[in-house]
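Chemist:
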Amino acid sequence: MAKGPGFAKPAPPKDAFEESYYQEHIKVYPAAVEGTVRKVKWAILVTLLGIYYVMPFIRWERGPGLPNQAVLADLPGRRFYFFFIEIWPQEVYYFTGLLITAAFTLFLMTSIAGRVWCGYLCWQTVWTDLFLAVERLIEGDRRDRIKLDEGPKNGAYFGKKILKMVAWGVIAAATGGAWVLYFADAPTLLKQIFTGQAPFIAYLWIGILTFTTWFFAGWMREQTCIYACPWPRIQAAMTDEYALNVTYRADRGEPRASVKEGKKLAAAGEPVGDCVDCYQCVAVCPTGTDIRLGSQLSCIQCGLCIDACTSIMEKLGRPTGLVAYDTPINFDRRKEGLPPIYRIVRPRTILYAVLISGVLGFMSYTFIMRGNAGVNILHDRNPLYVTNSDGSVRNGYTVRLLNRIGHERNFTLAVEGAPEGTRLEVVGIDQNVGGLPLIHVGADTTREVRAAVIVPGDKIKGTSDDVVFRIVSQEDKVTATAKDFFKAP
Ligand code: SF4
Ligand code: SF4
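For the sequence shown, this note's numbering assigns the number 979 to the initial residue and increments by one for each residue that follows.
1. For residue 980, count neighbouring Cβ atoms within 10 angstroms of its own Cβ and tell me buried if that reaches 16, exposed if not.
2. Based on the DSSP output, what are the partners of residue 1051 in its beta bridges?
3. Would you kindly work out how many angstroms separate the C-alpha atoms of residue 1087 and residue 1022, rounded to a whole number?
4. In or out: residue 1019 buried (at least 16 other Cβ within 10 Å) or exposed?
5. The alpha helix (DSSP H) spanning residue 1302 covers which residue range?
6. Can you tell me which residues form a DSSP beta bridge with residue 1432?
7. Can you find at least 3 beta carbon pairs, one from the segment 1102-1118 and one from the segment 1199-1207, that sit closer than 8 Å?
8. Within the same chain, show all residues whose beta-carbon is closer than 7 Å to that of residue 986, passing over the 5 residues directly before and after it, in chain order.
9. Could you check if residue 1300 belongs to the surroundings of ligand 2, using beta carbon to heavy atom distance under 7 Å?
10. At a cut-off of 7 Å, is residue 1262 close to ligand 1 when judged by its beta-carbon and the heavy atoms of the ligand?
11. Report the residue ranges of all alpha helix (DSSP H) runs contained in full by the segment 1202-1248; include only those spanning at least 4 residues, in chain order.
12. Based on the DSSP output, what are the partners of residue 1353 in its beta bridges?
13. Between residue 1289 and residue 1283, what straight-line distance do the alpha-carbon atoms span, to the nearest angstrom?
14. In three-state DSSP terms, what is residue 1459?
15. Could you check where the beta strand (DSSP E) with residue 1390 kicks off and where it finishes?
16. On a CA-only basis, which of 1367, 1121, 1460 is nearest residue 1394? Give me that one, please.
17. By the DSSP assignment, the beta strand (DSSP E) with residue 1448 in it spans what residues?
18. Please classify residue 1465: does DSSP put it in a helix, a strand, or coil?
19. If you measure from the CB of residue 1155, is any heavy atom of ligand 2 nearer than 7 Å?
20. Identify every run of the beta strand (DSSP E) within the segment 1122-1155, keeping only runs that are complete inside it and at least 3 residues long; order them along the chain.
21. Please specify which runs of the alpha helix (DSSP H), each continuous and at least 4 residues long, are wholly inside the segment 996-1045, giving them in chain order.
22. List the endpoints of the continuous alpha helix (DSSP H) containing residue 1260.
23. Name the one or two DSSP bridge partners that residue 1415 has.
24. Pick out whichever of 1069, 1090, 1029 has its Cα sitting closest to the Cα of residue 1342.
25. Between residue 1229 and ligand 2, is there a pair consisting of the residue's CB and a ligand heavy atom that are separated by less than 7 Å?
26. How many whole angstroms separate the CB atoms of residue 1223 and residue 1298, which I take to be in contact at a CB cut-off of 8 Å?
27. On the DSSP letters alone, give me the boundaries of the alpha helix (DSSP H) that residue 1334 sits inside.
28. Does ligand 1 have even one heavy atom less than 7 Å from the beta-carbon of residue 1283?
29. For residue 1308, which residues of its own chain have a beta-carbon under 6 Å away from its beta-carbon, when the five flanking residues on both sides are left out?
30. Pull up the CB-CB distance for residue 1279 and residue 1094, whole angstroms please, since I reckon it's below 8 Å.
31. Measuring straight from C-alpha to C-alpha, what distance separates residue 1371 and residue 1451?
32. To the nearest angstrom, how far is it from the Cα of residue 1237 to the Cα of residue 1229?
33. Looking at the secondary structure, which residues open and close the beta strand (DSSP E) in which residue 1064 lies?
34. Among residues of its own chain, excluding the 5 on either side of residue 1453, which ones have a beta-carbon nearer than 6 Å to its beta-carbon?
35. Using a Cβ-based criterion (distance less than 7 Å to any ligand heavy atom), does residue 1080 qualify as near ligand 2?
36. So what does DSSP say about residue 1292, is it helix, strand or coil?
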């Protein structure tokens, strides 16, 4: 079956497996292909890379003193900005929600269309596609590249290889460079990078990401998907017999024969399938997989073999769809002569859609309801309480007040639910309004204070009672509360 470099070797015989598990790497030389899938992949590649490289330069006005970068992870300022959304460190659960949503979306995509993530959206696929396009531009298409690698190592050879390395290096550096721009004001940092004034950590990350991009997209390529990535192993649990996959219609294609042989067989009254054994589907495959051998771990479901086979079928005037998206159940049904069936809406896709909607709905609700002021309480752990000499009991707390707007505010702090006679003291705060401590919080920031709640000994109700801390902004009367407990002997 192997037809020169770039084609996967046939499976070794059974006893060969017993002797060795080692598979020598065979360099894959994917050929260029044109067609609908290729156009879709180009469109996705341009969109995703465009977003990645351009996003740090998009501006978003937030008011005086605040960064005007639309997407920014401001680590020193402890903020994450995404257009109109501003996430504080206390709200890290939004990231958890996003990760859960991303996981369920991946599961949904997989249950509908198999490894569609791997074939179209994964960064390994996108950057490998880009690196391959550059390689093709410099070294030529499949045949030229094979000829170059097998030919003399002369000036033309080294010239092309060096040019390719430089081009790959520029893309890799741009990839690493764009990443760090998400962590500081992009135009300023870009200028600093080129004038040697950027912080060392920026150069370090650019170096790491330049190397990894170059290594994984330029050198590792399909080996990352086949050997390193855990997702192909996990996704089997997310899919079922109704999931769409790139499939070879063996019922139509077999017995395969070249055009010439096929004519002879047909003339002799022998059965002959539509596959003309031209290997175009294998030649264009970025992983060197032969889709005609059935579902394989090495197939990233990129769909390029569909384009290759479609163009062959069109040239031969035969119906297209010999290699196409289909489901395992239809593969079996066709063998039995039954018509294909398609079921996108089924229990598992409904479940994933409900879970995604639920998590997104909950996140949106909490985001809308979160208000522009907040309070977090941390009860002292050691000791949980102190009994004073007059019999009263004292609990200590760390109180963090959040002011999410662009001007300063003064908050009163009160404790609710505690017995009559309870005192609230805040360390370092003398000012009060109506007997309540008044705490000043700067614009768009937080302030942490130490507080103590003291309950007279004869008013203690139980060993642990709920208490509520309430802050009220004196400027706009916005309030926020947090629940905690009061511990007694
Ligand atoms: S077999 Fe087809 S779908 Fe699978 S990786 Fe190769 S070209 Fe892509
Ligand atoms: S491209 Fe189509 S016809 Fe050619 S070998 Fe592949 S499946 Fe057969």
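Where is the CB? At the ideal position from N, CA and C, for every residue including glycine.
Modeler: By the coordinates alone:
1. Taking the sequence shown and counting its residues from 1, the one referred to as residue 980 is at position 2. A caution first: residue 980 carries a pLDDT of 42, below 50, which makes its placement in the model unreliable, though a value can still be read off. It counts as exposed.
2. If you number the sequence shown from 1, residue 1051 lands on position 73. Beta-bridge pairing links residue 1051 to 1058.
3. Translated into the one-based positions of the sequence shown, residue 1087 becomes position 109. Translated into the one-based positions of the sequence shown, residue 1022 becomes position 44. Taking the straight line from one Cα to the other gives about 16 Å.
4. The residue labelled residue 1019 in the question sits at position 41 within the sequence shown. Under a 10 Å Cβ-count criterion, residue 1019 is classified as buried, with 16 or more other Cβ atoms of the shown protein chains found around its own Cβ.
5. Reading the sequence shown from its first residue, position 324 is the one you call residue 1302. Element bounds for residue 1302: not the alpha helix (DSSP H) but the beta strand (DSSP E), 1301-1304.
6. Mapped onto the sequence shown, residue 1432 falls at position 454. In DSSP, residue 1432 forms a bridge with 1372, 1401.
7. At 8 Å Cβ cutoff, the stretches touch.
8. Taking the sequence shown and counting its residues from 1, one reaches residue 986 at position 8. Residue confidence for residue 986 is low, a pLDDT of 49 falling below 50, so the modelled location carries little weight; the figure read from the coordinates is stated next. Closer than 7 Å at the Cβ level, and outside the excluded window around residue 986, lie 1004, 1266, 1267, 1268.
9. The residue you call residue 1300 lines up with position 322 of the sequence shown. Residue 1300 Cβ: within cutoff of ligand 2.
10. Residue numbering aside, residue 1262 sits at position 284 when the sequence shown is read from its first letter. Yes, ligand 1 has a heavy atom inside 7 Å of this Cβ.
11. Within the segment 1202-1248, the complete alpha helix (DSSP H) runs of at least 4 residues are 1209-1212, 1228-1231, 1237-1245.
12. Counted from its first residue, the sequence shown places residue 1353 at position 375. Note: residue 1353 is bridge-paired with 1379 in the DSSP secondary-structure output.
13. As a first step, residue 1289 must be located in the sequence shown, where it is residue number 311. As a first step, residue 1283 must be located in the sequence shown, where it is residue number 305. Straight through space, the alpha carbons of residue 1283 and residue 1289 are spaced by roughly 10 Å.
14. What you label residue 1459 is simply residue 481 of the sequence shown in a count that begins at 1. DSSP, reduced to helix, strand and coil, places residue 1459 within a strand of the structure shown.
15. For the purposes of this step, residue 1390 is taken as the residue at position 412 of the sequence shown. Residue 1390: member of the beta strand (DSSP E) spanning 1387-1394, first to last residue.
16. Position 416 of the sequence shown holds residue 1394. The shortest Cα separation from residue 1394 among 1367, 1121, 1460 belongs to 1460.
17. Looking up residue 1448 in the sequence shown gives position 470. In the DSSP annotation of this structure, the continuous segment of the beta strand (DSSP E) that includes residue 1448 starts and ends at 1442-1451.
18. For the purposes of this step, residue 1465 is taken as residue 487 along the sequence shown, with counting starting at 1. If DSSP states are grouped into helix, strand and coil, residue 1465 belongs with the strands.
19. What you label residue 1155 is simply residue 177 of the sequence shown in a count that begins at 1. In this structure, the C-beta of residue 1155 stays at least 7 Å away from each heavy atom of ligand 2.
20. DSSP runs (the beta strand (DSSP E)) wholly in the segment 1122-1155: none.
21. Fully contained in the segment 996-1045 are the following alpha helix (DSSP H) runs of length 4 or more, in chain order: 1014-1032.
22. For the purposes of this step, residue 1260 is taken as the residue at position 282 of the sequence shown. Residues 1258-1261.
23. For the purposes of this step, residue 1415 is taken as residue 437 along the sequence shown, with counting starting at 1. Answer by DSSP bridge pairing, in chain order: 1410.
24. Locating residue 1342 in the sequence shown gives position 364, counting from the first residue. When each option's Cα is compared against that of residue 1342, the closest is 1069.
25. Translated into the one-based positions of the sequence shown, residue 1229 becomes position 251. Not one heavy atom of ligand 2 lies closer than 7 Å to the C-beta of residue 1229.
26. Counting from one through the sequence shown, the residue named residue 1223 turns up at place 245. Counting from one through the sequence shown, the residue named residue 1298 turns up at place 320. 17 Å between Cβ atoms; not a contact.
27. Here the question's residue 1334 lines up with position 356 in the sequence shown. Here the alpha helix (DSSP H) through residue 1334 covers 1325-1347.
28. Along the sequence shown, one-based indexing puts residue 1283 at 305. In this structure, residue 1283 has its beta carbon less than 7 Å from a heavy atom of ligand 1.
29. For the purposes of this step, residue 1308 is identified with residue 330 of the sequence shown, where counting begins at 1. Within the same chain, Cβ atoms closer than 6 Å to the Cβ of residue 1308 are found at 1318, the five residues on either side in sequence being excluded.
30. Along the sequence shown, read from residue 1 onward, the residue named residue 1279 stands at position 301. Along the sequence shown, read from residue 1 onward, the residue named residue 1094 stands at position 116. Rounded to the nearest angstrom, the Cβ distance from residue 1279 to residue 1094 is 6 Å, consistent with a contact under 8 Å.
31. Numbered from 1 along the sequence shown, position 393 holds the residue referred to as residue 1371. Numbered from 1 along the sequence shown, position 473 holds the residue referred to as residue 1451. If I take the Cα positions, the gap works out to 29 Å.
32. Numbered from its first residue, the sequence shown carries residue 1237 at position 259. Numbered from its first residue, the sequence shown carries residue 1229 at position 251. Their backbone Cα atoms lie some 18 Å apart in a straight line.
33. Here residue 1064 corresponds to residue number 86 of the sequence shown, with the count starting at 1. 1063-1065 is the span of the beta strand (DSSP E), which, as asked, contains residue 1064.
34. As a working mapping, residue 1453 is identified with position 475 in the sequence shown. So the qualifying residues of the chain are 1387.
35. Translated into positions along the sequence shown, residue 1080 becomes position 102. Incorrect: residue 1080 has no Cβ contact closer than 7 Å to ligand 2.
36. What you label residue 1292 is simply residue 314 of the sequence shown in a count that begins at 1. Residue 1292 falls in the helix class under three-state DSSP.
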